[in-house]
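What follows is a short report on a single structure.
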Amino acid sequence: MAAKKPETTNEQPENGSETAKESKVTTGLPKTDVNHPRMHFDIYAILEGSQELYFGHEVQVNVNLVEIVKLTTKDGKSLEKCYISPTKRRGVERRCLLWAPVKSGELLGDKQKCGIPKTCAKPDCPICAPYGALDPGKSTLIGRVTHGGGVAVQDIYPVEKQRAMHPARLVNQKDETPIPFKRQYNQPGILYPVYDHALSVTDKEFSSVAYAFLDALPRIGSGNPKGIAIAESESQTPLLVVDRYLVPRGKRPIISPSVTDPEQAIADFIRLAQYPENDTEHIQLTYFDRWIGNAALDKLQEYAANFVATVLQA
Ligand SMILES: [Zn+2]
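See below:
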């Protein structure tokens, strides 16, 4: 089963006849025109928990645990860090799109007949086009938005708190003795570097991603409380970078998981974001644009506003 097949699919003659076999290896995406070019987009941000946060992970003898990653730093120290898993952020972002209000009075997911787990998988769906979909047995649309990061900067271990009763058990259980349980929480003030990447999407498709990224921030977390903010530097600039490009240039503002000092993480983020040009909010090179700080926030909000104008309020 594991034997490697000869890679015949890559050896098609360039001008050879199109075969049915070959159509299986294409992306299935429609061609765009010069007015709607496909580009790559990246969002880099450092998020800050403004209160304790719970990221439902697993339950162990009445303790609800949060997700933790174990790592060894560059200098050989073993660490455990809190974590916002990229798959959880992705889920919240998709849900923000599904639940977005449309002018007709519907929610976007209902209007598109697109939901979880039954996604519509149509290439022109403003949700499935960037986020991908699977309509079992019928069609698959590969997602072109991927999520990364989420490993906390500080090595602050989550704190356990006693809770009276799980809300799910409060209904119709009035006569029973409440079952106390403990829940872990990520502590406030933890920084989480996170990244969203979009591969070969149009400006219109990226507008869904920009809207979802921003709209998801107040809704991140399981249960209550929810919400996380874009952290700011000492000069009150949002720690945010948006790239739109064909050629990957500059340096990617990614924080090493070995870093545990928030000041160093913020300095690294700014240093990497500003390469190769300092003191500008907009780096413009051939086939590459980078917006930093407030300019990045403005740019994301401009895309999100386009999404509302052309999809939700159209
Ligand atoms: Zn869809």
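Residue numbering for the sequence shown follows our numbering, starting at -8 and increasing by one per position. By construction, the Cβ of each residue, glycine as well, lies at the ideal position given by its N, Cα and C atoms. Bear in mind the structure is a predicted one, so any value in this text is a computation, not a measurement.
- [ ] Please confirm whether any heavy atom of ligand 1 lies closer than 7 Å to the CB of A91.
- [x] Within the sequence shown, numbered from 1, the residue matching residue 91 stands at position 100. For ligand 1, not one heavy atom lies less than 7 Å from the Cβ of A91.
- [ ] Verify the contact flag: T110, CB atom, against every heavy atom of ligand 2, threshold strictly below 7 Å.
- [x] This structure simply doesn't include ligand 2; it includes ligand 1 instead.
Open item on the list: ligand 1 and Q265: does the residue's C-beta get closer than 7 Å to at least one heavy atom of that ligand?
Closed with: To locate residue 265, count along the sequence shown from 1; it is residue 274. Outside the cutoff, so no.
Task: Beta-carbon contacts of P114 that lie in its chain and below 8 Å, excluding the five residues immediately before and after - done: On the sequence shown, residue 114 is found 123 positions in, with the first residue counted as 1. Closer than 8 Å at the Cβ level, and outside the excluded window around P114, lie G19, L20, P21, A120 and L132.
- [ ] Indicate, with yes or no, if ligand 1 has a heavy atom lying under 7 Å from the CB of I118.
- [x] One-based indexing of the sequence shown puts residue 118 at position 127. Yes; taking the cut-off as 7 Å, the Cβ of I118 has a heavy atom of ligand 1 nearer than that.
TODO: State yes or no: is the C-beta of V83 within less than 8 Å of the C-beta of R210?
DONE: For the purposes of this step, residue 83 is taken as the residue at position 92 of the sequence shown. For the purposes of this step, residue 210 is taken as the residue at position 219 of the sequence shown. Yes, they are a contact pair.
Task: In DSSP terms, what C73 is bridged to - done: For the purposes of this step, residue 73 is taken as the residue at position 82 of the sequence shown. Bridge partners of C73: I59.
TODO: Report yes if the C-beta distance between I219 and G40 is below 8 Å; otherwise report no.
DONE: As a working mapping, residue 219 is identified with position 228 in the sequence shown. As a working mapping, residue 40 is identified with position 49 in the sequence shown. Going by C-beta atoms, I219 is nearer than 8 Å to G40.
Open item on the list: Taking the alpha helix (DSSP H) that L288 belongs to, which residues open and close that run?
Closed with: Along the sequence shown, read from residue 1 onward, the residue named residue 288 stands at position 297. Its alpha helix (DSSP H) spans residues N285 to F298.
TODO: Indicate the three-state DSSP secondary structure (helix, strand or coil) for S14 in the structure shown.
DONE: Counting from one through the sequence shown, the residue named residue 14 turns up at place 23. Note on S14: pLDDT 47, under 50, position unreliable in the model; no value is reported.
Open item on the list: Closest to A201 by C-alpha separation, out of R174, Y183 and V299, would be which residue?
Closed with: To locate residue 201, count along the sequence shown from 1; it is residue 210. The candidate whose alpha carbon is nearest that of A201 is V299.
Task: Short Cβ contact (8 Å threshold) for Q175 with P216 - done: Along the sequence shown, one-based indexing puts residue 175 at 184. Along the sequence shown, one-based indexing puts residue 216 at 225. In this structure, P216 does not lie closer than 8 Å to Q175 by Cβ.
Open item on the list: On the CB-based measure, 16 or more other CB atoms within 10 Å of its CB, does G67 come out buried or exposed?
Closed with: Indexing the sequence shown from 1 puts residue 67 at position 76. Flag for G67 reads exposed.
Open item on the list: On the DSSP letters alone, give me the boundaries of the alpha helix (DSSP H) that Q103 sits inside.
Closed with: Here residue 103 is taken as the residue at index 112 of the sequence shown, counted from 1. Looking at the DSSP string, the run of the alpha helix (DSSP H) that includes Q103 is L99 to Q103.
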